[in-house]
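Numbering (the numbering used here), first residue to last: 307 to 450. Ideal placement from N, C-alpha and C gives every residue a C-beta, glycine not left out. First up is the structure itself, then whatever we jot down about it.
See below:
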């Protein structure tokens, strides 16, 4: 395994992680809510109070606006997806089903749940990571 030193950017990764953590803390302190993307986006699709929808919509719009704002100051990295549409649709459905079945997504469990020392989030995050490691190993070493 080699490191692509030309694209190795620990500073921006650290800054992004710090901003994500700070945003999660602000949402918890001021709204009493966990910054789990699947729960926030899922709440937009459910019938509920208007006040509840407003902060959810603002959060999702912020996720969309962030790369647009970033592009004002720097070039976005090139995106290359080497999969056909069927694989992407099936993968998206599996992620959606998994986040619903696991009572949260990687951001909810991995960022917010672990910081709250939640045993359920620890188990979920370990499961996410193990499944990801196994999938990469199978795709890159057994099926290649």
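Check: Going by C-alpha to C-alpha distance, which of 447, 422, 441 sits closest to residue 335?; Outcome: 422
Check: Would you check if there are 3 or more beta carbon pairs closer than 8 angstroms linking the region 383 to 390 to the region 358 to 369?; Outcome: no
Check: List the endpoints of the continuous alpha helix (DSSP H) containing residue 344.; Outcome: 343 to 351
Check: Quick test of the definition: if touching needs 3 or more C-beta pairs under 8 angstroms, does the region 329 to 346 touch the region 400 to 417?; Outcome: yes
Check: Less than 7 angstroms between the C-beta atoms of residue 408 and residue 430, yes or no?; Outcome: yes
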